[in-house]
Amino acid sequence: MLVISNLSVHFANRYLFDKIAFSVNPGDRIGLIGRNGSGKTTLLNIISGALLPEEGIITKANHYTIGYLPQEKAINSQKALIDEVSSALSEIKELEKKIKRMTEEINCRNDYDSEYYQKLLQSLYESTEHFNNLGGNSSEAEIEYILTGLGFNRVEFFRPVSEFSGGWQMRSELAKILLRKPDCILLDEPTNHLDLDSILWLRNFLYNYKGSAIIVSHDREFLDNVTNRTIEVSGGKIFDLNKAYSEFMIFRKERKRQQIAAYKEQQRQIVETERFIERFRYKATLASRVQSKIKQLEKIDRIELEEEDLSSIKFRFPEPPRSGRLVAEIKSLSKNYDTKIVLHNINLSVEKGEKIAFVGKNGEGKSTLSRILAGVESYSGTYKTGHNVLAGYFSQQQAELLNNDLTVFEIIDNSATGDMRSQVRNLLGAFLFSGESVDKKVRVLSGGEKSRLAIARILLQPANFLILDEPTNHLDMIAKDVLKKALIQFNGSLVVVSHDIEFLRDLTTRTILFRNGQIFDYKGTIDEFLAYQNLDSINKIESVRIFKENNNNVVPRENIKSVAQVYREKKKQLQKEESRIKRIIRECENQIEILENQITKMETEFSNPGFILNIENQMKDKKEFDDLRSSLDDKMEEWTNLQLELENCLKNYL
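Mapped onto numbering that gives the first Met the number 0, the consecutive letters of the sequence shown carry residue numbers 0 to 653.
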């Protein structure tokens with residue numbers, strides 16, 4: 000077990016963490032979420048031991064191991080891929096040598112009854128068992144399984160790591176971590192370096208992993224399919240719940256709604272109680288009731304509303320110029336780099352208003368074709384654009400072309416025209432630039448900040464054909480939502496390269512798969528496409544189940560409920576029960592009010608001199624008064640039980 004206790008980190012005149020505490024148990028797969036800058040990466044660095052906290056301690060069991068994959072890492076290895084990855088198995092290799100030494104020594108000894116001989120046998124047994132538990136006898140097969148799962152071809156196993164791109168080098172680092180099988184895996188945006196097939200494989204691996212994992216990711220689909228717990232970092236505090244991301248967010252939203260409702264109800268009760276106290280404070284006949292109300296007021300556990308960012312950032316593209324019906328047309332197009340054929344004799348047309356997803360493994364030509372469509376890559380064959388087509392293109396490399404001498408604000412302000420100039424600061428805020436950060440020079444921005452700035456600039460251009468290559472890699476959930484909503488409302492044509500299934504969902508309606516130099520055109524959404532490719536069993540997508548008809552057309556035939564749908568149905572049933580209980584509570588409160596009024600009236604009559612002189616009336620009214628007090632006590636008890644019943648009902652759909 001890993002325990003984080005009273006952790007505090009102070010940064011830039013604010014607390015990233017203020018005495019936070021939580022534990023990580025075996026089997027926990029935790030999604031660590033929060034806005035950019037909330038401290039997620041810092042927390043991973045502290046847990047891994049790369050940073051020390053100002054206060055607090057990290058406690059872990061003896062021999063507890065942690066594997067950490069940061070977002071970026073400088074890798075300088077001249078070893079062949081398989082040798083570099085095999086180096087992660089140093090413990091297995093040391094054990095193998097130890098077992099060999101002990102075996103040789105045992106074979107040379109004949110003091111079978113000696114204490115040393117018995118200890119040697121015990122040590123050999125324990126080492127062999129540990130070796131087997133680490134998979135020592137199947138390590139070669141395990142290396143091949145993990146490398147191929149992460150997208151490496153067998154022919155690449157003997158290439159030097161230095162020859163691979165940065166993204167593929169990060170995959171090799173991930174492979175080493177998975178091979179070690181640490182007690183806890185820390186992953187910071189792991190899907191940034193993976194294609195769709197590798198993401199699906201990693202999901203499956205982590206879902207079945209026996210250790211624990213803490214994952215920072217902007218990919219909702221990935222978190223929903225892997226995690227069983229979510230920790231949100233916000234305002235120096237954490238909110239921890241044993242639910243995957245989507246359920247967690249539904250819970251948080253519902254909890255905030257209920258918290259606000261409970262706060263308003265409590266404030267109403269406080270005002271009524273204070274009014275009662277103020278009104279009857281000096282009436283001797285009600286002194287006991289007033290004192291009871293005062294004590295009741297003092298005992299109230301005051302509800303405090305959580306602080307939250309209530310700002311709502313909305314963005315719409317400028318209305319694009321009208322284009323012809325045919326936006327782009329490719330015929331017999333091919334592309335190769337030296338002897339490597341990337342695209343071979345492909346045909347493709349894009350019509351006005353179409354929104355197309357390019358999917359497939361890295362290296363299959365998605366980005367190459369995107370560059371061809373954008374007019375920045377050479378090719379053989381025919382490619383023509385339609386009437387009045389204006390293309391807007393984003394790629395990760397474009398971030399490096401920004402003018403280093405300009406500020407963030409100047410980059411965006413120089414690109415804005417007309418009505419868009421009034422949206423400059425909103426757009427910068429949507430992409431996580433606010434306050435002093437808008438005055439930063441481009442040269443001091445991180446790679447992720449440059450990427451976000453490049454996307455923001457593209458959105459201001461009057462384009463009617465957008466080509467976006469992995470636009471979400473450095474966006475947090477909120478910024479990604481802003482971009483997605485704007486793209487859904489975009490009236491032009493769109494081609495987007497992405498491995499983020501959730502981002503593509505409800506955005507694209509046509510899917511093109513790249514494989515072995517060819518493209519396979521599917522007229523359907525990403526969910527329909529994945530089901531058609533029989534990938535639903537791998538990634539456990541539950542939003543739509545697809546069935547194949549005899550004519551091979553793929554049509555939705557049965558809706559499989561998503562997490563949100565199941566939750567909403569359950570919530571609807573429980574809300575009926577909630578309404579029923581609240582109705583009974585209101586009736587009970589009305590009866591309590593009537594009884595209290597009757598008791599108050601009788602207490603007033605008891606103070607009348609005529610009442611004191613009439614012994615017969617005293618006996619009769621005393622019995623009636625006692626009956627009223629007994630009825631009031633019964634109703635108060637009923638009201639208390641109903642409140643508990645209501646509380647349990649609310650907990651059930653949280």
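The C-beta atom is built at its ideal place from N, Cα and C for all residues, glycine as well.
{"Asked": "Among residues of its own chain, excluding the 5 on either side of Thr-147, which ones have a beta-carbon nearer than 8 Å to its beta-carbon?", "Found": "Arg-153"}
{"Asked": "Considering only residues of the same chain and omitting the five flanking positions on each side of Glu-172, which have a CB-CB separation below 8 Å?", "Found": "Leu-68, Lys-72, Ile-74"}
{"Asked": "Can you check the region 485-522 for any beta strand (DSSP E) of at least 3 residues that lies completely inside it and give the ranges in chain order?", "Found": "492-496, 509-514, 517-521"}
{"Asked": "According to the Cβ coordinates, are Asp-17 and Gly-235 closer than 8 Å?", "Found": "yes"}
{"Asked": "Would you check if the distance between the CB atom of Leu-332 and the CB atom of Ile-340 is smaller than 8 Å?", "Found": "no"}
{"Asked": "Do Ser-391 and Leu-465 have their C-beta atoms within less than 8 Å of each other?", "Found": "One point to set straight first is that residue 391 is Gly, not Ser, in the sequence displayed. Yes."}
{"Asked": "Whole angstroms are fine: how far does the CA of Asp-626 sit from the CA of Ser-291?", "Found": "20 Å"}
{"Asked": "By DSSP's criteria, Thr-58 is part of a beta bridge. Which residues make up the other side?", "Found": "Val-2"}
{"Asked": "What are the start and end residues of the beta strand (DSSP E) that includes Ala-373?", "Found": "Here Ala-373 belongs to no beta strand (DSSP E); instead the alpha helix (DSSP H) covers 365-373."}
{"Asked": "So Arg-267 is in the alpha helix (DSSP H); what residue range does that whole segment cover?", "Found": "244-279"}
{"Asked": "On the DSSP letters alone, give me the boundaries of the beta strand (DSSP E) that Glu-328 sits inside.", "Found": "325-336"}
{"Asked": "Helix, strand or coil for Lys-621? Go by DSSP, reduced to three states.", "Found": "helix"}
{"Asked": "Is it buried or exposed for Gly-374, if we count other Cβ within 10 angstroms and need 16 for buried?", "Found": "exposed"}
{"Asked": "Quick one: what's got a C-beta closer than 8 Å to His-9's C-beta in the same chain, skipping five residues either side?", "Found": "Leu-15, Glu-53"}
{"Asked": "Taking C-beta to C-beta, are Leu-427 and Val-443 nearer than 8 Å?", "Found": "no"}
{"Asked": "First and last residue of the beta strand (DSSP E) that includes Glu-350?", "Found": "339-350"}
{"Asked": "Please name the residue or residues paired with Cys-183 in a DSSP beta bridge.", "Found": "Ile-65, Ser-211"}
{"Asked": "Determine the closest residue to Gly-210 out of Phe-221, Asp-182, Ser-394, with distance taken between C-alpha atoms.", "Found": "Asp-182"}
{"Asked": "Check for me: the beta strand (DSSP E) holding Tyr-392 runs from which residue to which?", "Found": "390-393"}
{"Asked": "What is the DSSP secondary structure of Arg-158, counted as helix, strand or coil?", "Found": "coil"}
{"Asked": "Is the separation between the beta-carbon of Ile-65 and that of Ser-89 shorter than 8 Å?", "Found": "no"}
{"Asked": "Is it the case that the region 367-387 contacts the region 319-329, given that we only count it when at least three CB pairs across the two stretches are under 8 Å?", "Found": "yes"}
{"Asked": "With respect to the beta strand (DSSP E) encompassing Val-660, which residues constitute its N-terminal and C-terminal limits?", "Found": "Limits of the chain in this structure are 0 at one end and 653 at the other, which puts residue 660 out of reach."}
{"Asked": "Hey, is the region 585-595 in contact with the region 633-640, meaning 3+ C-beta pairs nearer than 8 Å?", "Found": "yes"}
{"Asked": "Need the endpoints of the alpha helix (DSSP H) that Ala-140 sits in, please.", "Found": "138-148"}
{"Asked": "On the CB-based measure, 16 or more other CB atoms within 10 Å of its CB, does Ala-20 come out buried or exposed?", "Found": "exposed"}
{"Asked": "Once the 5 residues before and after Asn-550 are set aside, which same chain residues still bring their CB inside 6 Å of it?", "Found": "Note that Asn-550 scores a pLDDT of 36, beneath 50, so its modelled location is shaky and nothing firm can be said."}
{"Asked": "Let me confirm a value: Leu-50 is counted as buried when at least 16 other C-beta atoms fall within 10 Å, else exposed. Which label applies?", "Found": "exposed"}
{"Asked": "When the Cα atoms are used, what is the spatial distance from Gly-30 to Arg-256?", "Found": "23 Å"}
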